[in-house]
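Chains A and G, in that order, are what the protein sequence lines are.
Sequential numbering of the first sequence, starting at 3, is according to our numbering.
Sequential numbering of the second sequence, starting at 3, is according to our numbering.
Every residue gets a Cβ at the ideal spot worked out from N, C-alpha and C, and that includes glycine.
Below is one structure, written out as structure tokens; comments come after it.
There are 2 protein chains.
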Amino acid sequence: MSQSLDRALVILRELGEGPRTLDDLAAKLDVHKSTVLRLLRTLEKHRFVQREGARHHRLGTALFDLSFRALEERDVRRAVEPHLRELNARTGHTVHLASYEAGEVIYIDKYDSRHQVRMYSRIGKQAALHCTAVGKILVGALPEPERRAIARSIPYPKLTVNTITDADAYLAELEQVRQCGYAVDRREHEDFIHCIGAPVRGPRGEVLAAMSLSVPEMLLDFEGLLGLLPELLGAARAASADCGWRPDAQGNT
Amino acid sequence: MSQSLDRALVILRELGEGPRTLDDLAAKLDVHKSTVLRLLRTLEKHRFVQREGARHHRLGTALFDLSFRALEERDVRRAVEPHLRELNARTGHTVHLASYEAGEVIYIDKYDSRHQVRMYSRIGKQAALHCTAVGKILVGALPEPERRAIARSIPYPKLTVNTITDADAYLAELEQVRQCGYAVDRREHEDFIHCIGAPVRGPRGEVLAAMSLSVPEMLLDFEGLLGLLPELLGAARAASADCGWRPDAQGNT
DNA sequence: AATTGTTGTTGCACTGCACGCAACGAAGGA
DNA sequence: TCCTTCGTTGCGTGCAGTGCAACAACAATT
Numbered sequence: 003m004s005q006s007l008d009r010a011l012v013i014l015r016e017l018g019e020g021p022r023t024l025d026d027l028a029a030k031l032d033v034h035k036s037t038v039l040r041l042l043r044t045l046e047k048h049r050f051v052q053r054e055g056a057r058h059h060r061l062g063t064a065l066f067d068l069s070f071r072a073l074e075e076r077d078v079r080r081a082v083e084p085h086l087r088e089l090n091a092r093t094g095h096t097v098h099l100a101s102y103e104a105g106e107v108i109y110i111d112k113y114d115s116r117h118q119v120r121m122y123s124r125i126g127k128q129a130a131l132h133c134t135a136v137g138k139i140l141v142g143a144l145p146e147p148e149r150r151a152i153a154r155s156i157p158y159p160k161l162t163v164n165t166i167t168d169a170d171a172y173l174a175e176l177e178q179v180r181q182c183g184y185a186v187d188r189r190e191h192e193d194f195i196h197c198i199g200a201p202v203r204g205p206r207g208e209v210l211a212a213m214s215l216s217v218p219e220m221l222l223d224f225e226g227l228l229g230l231l232p233e234l235l236g237a238a239r240a241a242s243a244d245c246g247w248r249p250d251a252q253g254n255t
Numbered sequence: 003m004s005q006s007l008d009r010a011l012v013i014l015r016e017l018g019e020g021p022r023t024l025d026d027l028a029a030k031l032d033v034h035k036s037t038v039l040r041l042l043r044t045l046e047k048h049r050f051v052q053r054e055g056a057r058h059h060r061l062g063t064a065l066f067d068l069s070f071r072a073l074e075e076r077d078v079r080r081a082v083e084p085h086l087r088e089l090n091a092r093t094g095h096t097v098h099l100a101s102y103e104a105g106e107v108i109y110i111d112k113y114d115s116r117h118q119v120r121m122y123s124r125i126g127k128q129a130a131l132h133c134t135a136v137g138k139i140l141v142g143a144l145p146e147p148e149r150r151a152i153a154r155s156i157p158y159p160k161l162t163v164n165t166i167t168d169a170d171a172y173l174a175e176l177e178q179v180r181q182c183g184y185a186v187d188r189r190e191h192e193d194f195i196h197c198i199g200a201p202v203r204g205p206r207g208e209v210l211a212a213m214s215l216s217v218p219e220m221l222l223d224f225e226g227l228l229g230l231l232p233e234l235l236g237a238a239r240a241a242s243a244d245c246g247w248r249p250d251a252q253g254n255t
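Here you go:
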């Protein structure tokens, strides 16, 4: 564990919240400002940070470069992108692609709704495991022991009246999701927003990612959204085919 | 300047090229592998790096999070996005939004062509200053001394037969761009690809960003692309209006 | 099954570098 | 003009980061 690197990464995280001055950062890290200055200079040299005006610093362009490179390397994303885009075009609603990595579910692609009212999200943002459709799909696809371990260890913040708040109910829900081949989030994450999700599978039937459709209730009620299920499942199936999935042996929906 | 941070950033850049092993990185940095290990562990703790299999490391999800946050903070991007998207929808071609920051021009948004043949680019990628439409727009918008300084200092790699290869020709071109209110790249960057660009302006008429349209010649010849100029200028003007531009005093096109 | 090679991991001792300090400089407001 | 508030610099010190060497885990080869 490297102290200075550690501090630098905290600086980056802090700058993610918005531009900061040298003193802001020094106070946050509880170190002398000259220390912050030196770290910032190194970050600047590599274009991870740039100055804004005389005294503010913000995140730099190297981050964009790196992260889009990394995103591009994910074959799933590239393969699914056209299907995601078409689903967005057909329905007009917000669509997401999410992936499970290292214990977390994050959005790796997204197309916004054409309507004024939209769900807020962002590529790179973590999705809650217990109250999102993509979270249920991806955790539900893990081997049983891991699934249990996760269900036991995660917190269950109650975000709406419908949010699942304990491990047993969560595990039961995951089982249901596995059976159905799709997941729903009926106002569990945000009031007034419904969501349905489906898995994108690879050659051996393994789940590579999850695709979802999110709609505010004022545009479409829950039954209406379920009416779009065939669209979603169709898109997910087409995307899976592009990822090498062969719908043979196992009788997955 | 912090040595360990410096090394860590080099590691990140290297991982941007693809997953690496510990020894790969140690060789690249010319340090002992235990040193690399410690840096990686710190990076991992902050989710900037994650393991892939037992022995490979790759970029982690914190990068996505940070970079999309940073992108979101740029108001220009948010304001222009719908216009960019519509231009893409109307023409079916690749559209870009680029911004000048700290001496470089980078793409900050993009919508891909609907056609099979596409121009390769990526958000976060640097655009060449001397042979792209967005480069000409953005450098051309800088105050005269800075413009000259840039023209004198940048390299002029000859990428096609049409590429501008000296400072004087470049400065003349920039002057022309300022007059016209738009820029062209007629096969200067890549053979077989034409491009036109226009500025997005802010409240005081200052150039905030550049919007461009790129089309492979096999789809549309240069005159055909010029036919789309009104579309581009219309989108740029609408975007400028959303950024607070008032087309009063100065008689800019 | 034993051997060899490769790669990740750990404990330790040394020293170089990252740290805090304090003084300076620049910019802006009263 | 003074005063405050920042960013910046040079310097001495101590500890954090380094290289080393031994170890562990695993795969490939014999």
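Nearest CB-CB separation between K127 (chain A) and chain G: below the 8 Å threshold.
Using beta-carbon distances, Q52 (chain G) counts as an interface residue toward chain A, with a partner under 8 Å.
Within the region 41-83 of chain G, complete beta strand (DSSP E) segments of at least 3 residues are found at 51-54, 58-61, given in chain order.
Cβ proximity to chain A below 8 Å picks out nothing from the region 151-170 of chain G. Residues of chain G with a Cβ closer than 8 Å to the Cβ of A10 (chain A) are, in chain order, S4, L7, A10. The beta carbons of A212 (chain G) and L235 (chain G) sit about 12 Å from each other, so the pair does not count as a contact at 8 Å. For L86 (chain A), DSSP assigns no beta-bridge partner whatsoever.
Residues of the region 74-106 of chain A with a C-beta less than 8 Å from any C-beta of chain G: E74, E75, E103, A104, E106, listed in chain order. Taking the Cα positions, E54 (chain G) is about 8 Å away from P21 (chain G). Interface annotation, R206 (chain G): not in contact with chain A, CB-CB separation never under 8 Å. Shortest Cα-Cα distance from G246 (chain G) to any of G:V97, G:E208, G:A56, G:R87 involves G:E208. As computed with DSSP, E19 (chain G) is found in no beta bridge at all. Separation of H34 (chain G) and L176 (chain G) (C-alpha to C-alpha, rounded to the nearest whole angstrom) is 49 Å. Neighbours of S69 (chain A) across chain G, judged by C-beta separation under 8 Å: L61, L65, F66, L68, S69, F70, G126.
Separation of the CB atoms of G18 (chain G) and L45 (chain G) is rounded to 13 Å, and the pair is thereby denied contact status at 8 Å. Judged by pairs of C-beta atoms under 8 Å, the region 84-102 of chain G does not touch the region 179-192 of chain G, as fewer than three such pairs exist. Around the beta carbon of A174 (chain G), fewer than 16 other beta carbons lie within 10 angstroms, which makes this residue exposed. In this model, L131 (chain A) and G142 (chain G) are separated by some 49 Å (Cα to Cα). At a C-beta separation below 8 Å, I108 (chain A) has these neighbours in chain G: T63, F66, D67. Secondary structure of V163 (chain G) (DSSP, three-state): coil. Under the 10 Å beta carbon count, P218 (chain G) is surrounded by 16 or more other beta carbons and is classified as buried. Neighbours of T23 (chain A) in chain G, taken as residues at a C-beta separation under 8 Å, are lacking, since the least C-beta distance is about 16 Å.
Beta-bridge partners of D187 (chain G) (DSSP): G:C197. Counting only runs of 3+ residues, the beta strand (DSSP E) found wholly inside the region 79-158 of chain G occupies 96-103, 106-113, in chain order. Under the Cβ criterion (8 Å, minimum of three pairs), the region 149-167 of chain A does not count as touching the region 110-117 of chain A. DSSP, read as helix, strand or coil, puts S214 (chain A) in strand.
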